[in-house]
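Protein sequence lines correspond, in order, to chains G and W.
What the first sequence shows, in our numbering, is residues 1 to 251, in sequence order.
What the second sequence shows, in our numbering, is residues 252 to 502, in sequence order.
Backbone N, C-alpha and C define an ideal beta-carbon position, used for all residues, glycine too.
There are 2 protein chains.
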Amino acid sequence: MTLFEIRKMSARLPTPAPRTGRSESPCAACNVRHLTLCAALDDQEVADMSAIVSSVELGPGEPLFDEAEPAKNVFNVTAGAVKIYKLLPDGRRQMTGFLFPGDFLGLANEETYAYSAEAVTFTTLCRFPRKRLEALLEQYPRMERRLLGMASHELAVAQEQMLLLGRKTAREKVASFLLLLSRRAVQRGQKDSPISVPMSRNDIGDYLGLTTETVSRTFTLLKQAGAIVLQGSGKVELSDRAALEVMSDGV
Amino acid sequence: MTLFEIRKMSARLPTPAPRTGRSESPCAACNVRHLTLCAALDDQEVADMSAIVSSVELGPGEPLFDEAEPAKNVFNVTAGAVKIYKLLPDGRRQMTGFLFPGDFLGLANEETYAYSAEAVTFTTLCRFPRKRLEALLEQYPRMERRLLGMASHELAVAQEQMLLLGRKTAREKVASFLLLLSRRAVQRGQKDSPISVPMSRNDIGDYLGLTTETVSRTFTLLKQAGAIVLQGSGKVELSDRAALEVMSDGV
DNA sequence: CTTACCCATTGATATAGGTCAAAGAGCCTT
DNA sequence: AAGGCTCTTTGACCTATATCAATGGGTAAG
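In structure tokens:
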């Protein structure tokens with residue numbers, strides 16, 4: 001058995017601690033509460049959610065679903081990291097997001113997914129059959145309101161990303177990206193530095209509208225400017241956050 | 252009185268025809284049905300919507316609201332065109348969308364608007380006080396579902412735009428933009444060509460992540476390639492749609 | 001009718017970031 | 001421990017698009 005396979009197996013083992021919230025009932029299938037969505041729900045609602053959920057584990061690089069495939073499930077990341085992206089016919093790729101524990105994906109208005117999704121690291125997710133989730137939403141308008149709030153928030157995030165893609169320089173893009181990862185880590189209860197950067201330079205480039213080489217050069221530049229320290233194995237220390245903040249907006 | 256003022260006055264006069272749908276009840280204040288949102292509503296629901304709505308008219312370039320201002324209202328465009336955008340501290344601008352009759356704007360999860368909004372042409376909108384609209388949503392979950400659908404759709408559109416901004420060439424961007432305008436015109440019951448392009452080259456550039464000059468050069472290029480004909484006064488004929496389709500994706 | 005302004009277009013030049021190429025640096029596997 | 005991946009870094013060069021500058025054209029004001 002290869003190390004890859006062992007790691008993949010072991011991804012099943014650790015059980016993330018239940019989050020605090022209005023209710024402590026964990027999901028029956030994956031033994032975690034459904035984070036974002038459940039934060040506002042009561043025991044009965046969480047129980048109903050748990051009844052329709054199942055668990056999914058993925059190794060690095062494994063696909064979850066492809067763009068244009070029928071959108072049969074909605075997912076909630078519980079551990080690891082997921083990348084979502086769109087492709088052009090000739091293979092050019094645009095990451096539209098990196099998702100971490102608590103994030104939802106697969107919500108679609110149309111009958112098919114609008115993007116492809118793939119694991120970045122060893123990842124676990126909860127899977128909700130879309131039809132059954134929708135039935136539940138009919139029953140609990142409060143959940144639906146929560147989903148609307150999440151969608152509105154993601155829309156604001158998407159617009160911020162458009163500003164980055166359309167109008168920021170490479171340095172501004174990379175500085176913004178590192179600050180974003182740091183803020184998200186804090187949201188998940190981790191430290192704001194050093195941060196974990198589990199995705200490749202190529203993935204980062206496809207997220208920021210840059211090439212691998214430009215991302216690499218820009219990291220070197222930020223390192224030389226004393227704004228960051230590369231600690232190896234995907235850890236980056238934000239040693240001068242103020243400088244990064246200034247750089248992320250264009251001085 | 253200047254011509255500008257006369258035009259602005261006259262923007263109040265024309266009353267758009269009621270749309271077909273489940274109910275024909277027009278809004279009491281603006282005498283149109285609330286398009287996207289109302290398409291699935293019954294008479295009682297439309298009446299309740301009409302009770303909280305008021306009408307707004309704007310001339311070209313007039314602001315509707317600014318980013319970071321308290322999000323007190325939600326709007327529905329009933330005539331004209333609106334641009335929404337975000338700014339960097341040094342003035343660089345990214346349009347995040349052009350909105351046409353039927354489009355909603357101002358929905359926000361946070362307490363403030365995520366972007367600024369400004370009229371492109373003489374424009375009329377319906378204004379819904381956010382608090383009162385939210386109260387209505389509690390009462391009518393079906394409306395909320397409709398809003399969730401709209402938000403999900405906009406999210407998919409935003410992701411498509413990220414692909415454009417991050418990975419397409421100038422030619423692909425402009426071709427995609429013209430096809431987008433054409434498709435949206437059809438949705439509003441207009442012809443797919445010639446299309447009305449009411450915004451300036453500069454606005455288009457800020458939407459596509461390009462400069463005025465590059466947009467202008469690219470229009471010339473498409474014209475020379477026989478893909479479009481510039482008819483003056485903001486009308487563009489898509490004379491070779493197939494060529495545009497091919498160009499919009501990178502051959 | 002004339003002037004003034006704004007916007008679009010075109011040209012010349014500069015540059016940020018892309019492309020191509022090669023050399024490390026970690027790893028997993030054997 | 002050695003070989004072979006894959007990913008990152010660095011260098012040299014190139015090109016798409018930005019920038020700077022000038023001209024033209026349409027429309028509104030006087």
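query, result
"Interface flag, P340(W) vs chain G, CB-CB below 8 Å", "yes"
"Residues within the region 343-368 of chain W neighbouring chain G, beta-carbon criterion of under 9 Å", "R343, R344, Q345, M346, T347, G348, L358, A359, N360, E361, A365, Y366"
"Min CB distance G21(G) to chain W below 8 Å", "Low confidence applies here, because G21(G) scores a pLDDT of 40, under 50, leaving its location unreliable; read the following figure in that light. Judged by the 8 Å Cβ criterion, G21(G) is not in contact with chain W."
"Stretch pair the region 342-352 of chain W + the region 327-334 of chain W: three plus CB contacts closer than 8 Å", "yes"
"Assumed close pair L148(G), A402(W) - CB separation to whole angstroms, cut-off 8 Å", "6 Å"
"Burial state of E57(G), where buried means 16 or more other Cβ atoms lie within 10 Å", "buried"
"Nearest-angstrom beta carbon gap, T374(W) and V328(W) [assumed within contact, 8 Å]", "7 Å"
"Residues near R378(W) by beta carbon distance below 6 Å, same chain, minus five either side", "S305, V307, N324, F326"
"Exposure label - P63(G); buried when at least 16 CB within 10 Å", "exposed"
"Continuous alpha helix (DSSP H) stretch holding V197(G): start and end", "Run containing V197(G): none; DSSP gives neither H nor E here."
"is_contact[Q410(W), chain G] using C-beta, thresh 8 Å", "yes"
"One or two residues paired with V487(W) in a DSSP bridge", "I446(W), L481(W)"
"Test: K86(G) CB closer than 8 Å to a CB of chain W", "yes"
"Cβ-heavy atom distance, Y115(G) to the ligand FAD, below 7 Å", "This structure does not include the ligand FAD; it has no bound ligands of any sort."
"Members of the region 120-146 of chain G that neighbour chain W once the beta carbon cut-off is set at 8 Å", "L137, E138, P141, E144, R145"
"Residue range of the alpha helix (DSSP H) that includes F470(W)", "463-475"
"CA-to-CA distance, Q295(W) to D103(G), given in whole angstroms", "37 Å"
"Interface partners of E154(G) on chain W, CB under 8 Å", "L406"
"Counted within 10 angstroms of its Cβ, other Cβ atoms place P311(W) as buried (16 or more) or exposed", "buried"
"L398(W), DSSP secondary structure in three states", "helix"
"Rounded straight-line distance, which links the Cα of E385(W) to that of P392(W)", "11 Å"
"Segment contact, 8 Å Cβ cut-off, at least three pairs: the region 362-373 of chain W with the region 173-191 of chain G", "no"
"Assumed close pair E172(G), S248(G) - CB separation to whole angstroms, cut-off 8 Å", "6 Å"
"Per-residue burial, R434(W) [other beta carbons within 10 Å of its own, 16 or more giving buried]", "exposed"
"Q345(W) - containing beta strand (DSSP E), residue span", "344-350"
"For R145(G) and E118(G), the rounded distance between their alpha carbons", "28 Å"
"First through last residue of the beta strand (DSSP E) which encompasses L358(W)", "Segment: none, L358(W) is in no beta strand (DSSP E) and carries neither H nor E."
"Within-8 Å CB hit, R263(W) to chain G", "At R263(W) the pLDDT is 44, less than 50, meaning the model places this residue with poor confidence; the figure from the coordinates comes in the next sentence. Not closer than 8 Å to any Cβ of chain G, the Cβ of R263(W) fails to qualify, so no."
"Assigned exposure category for E488(W) - 16 Cβ within 10 Å defines buried", "exposed"
"Buried or exposed (CB count within 10 angstroms, at least 16 for buried), A242(G)", "exposed"
"Exposure label - Q139(G); buried when at least 16 CB within 10 Å", "exposed"
"Straight-line gap, G357(W) to A322(W) (C-alpha atoms, nearest Å)", "7 Å"
"Rounded straight-line distance, which links the Cα of P449(W) to that of L481(W)", "13 Å"
"Any C-beta of chain G under 8 Å from that of M498(W)", "no"
"Closest residue to Q412(W) among I195(G), S216(G), G226(G), L87(G) (Cα-Cα distance)", "L87(G)"
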